[in-house]
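J.: Residue numbers (my numbering): 122 to 217. Quick one: the structure is below, questions incoming.
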Amino acid sequence: MPRNPSAHASQTVSAPARNGTGRFSSPGASPPVQSNSPQPNSLAANSVADPAPEEIRLRAFQIYQRRGSSPGREIEDWEQARREILEERTATLRRA
Numbered sequence: 122m123p124r125n126p127s128a129h130a131s132q133t134v135s136a137p138a139r140n141g142t143g144r145f146s147s148p149g150a151s152p153p154v155q156s157n158s159p160q161p162n163s164l165a166a167n168s169v170a171d172p173a174p175e176e177i178r179l180r181a182f183q184i185y186q187r188r189g190s191s192p193g194r195e196i197e198d199w200e201q202a203r204r205e206i207l208e209e210r211t212a213t214l215r216r217a
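Written out as structure tokens, the structure reads:
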């Protein structure tokens with residue numbers, strides 16, 4: 122039985138939620154739930170905050186759509202989305 126992301130804040134799920142076909146059900150699909158504890162490098166000076174799960178979910182869905190909505194790469198899409206957002210934020214900090 123799938124875990125309920127809202128059931129416990131410290132619970133971790135490894136991939137974006139999918140419907141029964143293996144595809145994202147919508148941009149509002151449930152993301153992995155992240156712990157509230159700081160990540161190892163998140164406290165460093167000039168660090169970039171981790172993107173919110175909703176922000177990653179939307180970007181991952183856009184990536185999924187750009188590659189033709191084919192199933193099977195949900196984890197890669199999620200990781201790429203997070204990486205792109207972090208890169209954009211880092212570039213913004215460097216320009217400031």
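From the three backbone atoms N, C-alpha and C, an ideal C-beta is built for every residue, glycine too.
(1) In three-state DSSP terms, what is R180?
(2) Does the beta-carbon of P172 have 16 or more other beta-carbons within 10 angstroms, so that it is buried, or is it exposed?
(3) Contact between the segment 208-216 and the segment 173-188: three or more CB pairs below 8 Å?
(4) How long is the line joining the alpha carbons of R178 and E197, rounded to whole angstroms?
(5) Give me, in chain order, the residues of the same chain whose beta-carbon lies closer than 8 Å to that of V169; leave out the 5 immediate sequence neighbours on both sides.
(6) Exposed or buried, E175, counting other C-beta atoms within 10 Å across all chains shown (16 or more means buried)?
T.: On the basis of the data shown:
(1) The count along the sequence shown starts at 1 and reaches residue 180 at position 59. The DSSP-derived three-state label of R180 is helix.
(2) Here the question's residue 172 lines up with position 51 in the sequence shown. Taking all protein chains in view, the Cβ of P172 is crowded by 16 or more other Cβ atoms within 10 Å, so the residue is classified as buried.
(3) Between the segment 208-216 and the segment 173-188, the count of Cβ pairs shorter than 8 Å is below three; the stretches do not touch.
(4) Counting from 1 along the sequence shown, the entry for residue 178 is found at position 57. Counting from 1 along the sequence shown, the entry for residue 197 is found at position 76. C-alpha separation (whole angstroms): 12 Å.
(5) To locate residue 169, count along the sequence shown from 1; it is residue 48. In chain order, L207, R210, T211 and L214 place their CB closer than 8 Å to the CB of V169, counting only its own chain and leaving out the 5 sequence neighbours on each side.
(6) Within the sequence shown, residue 175 is the residue found at index 54, counting from 1. Answer is exposed; the Cβ neighbour count stays below 16.
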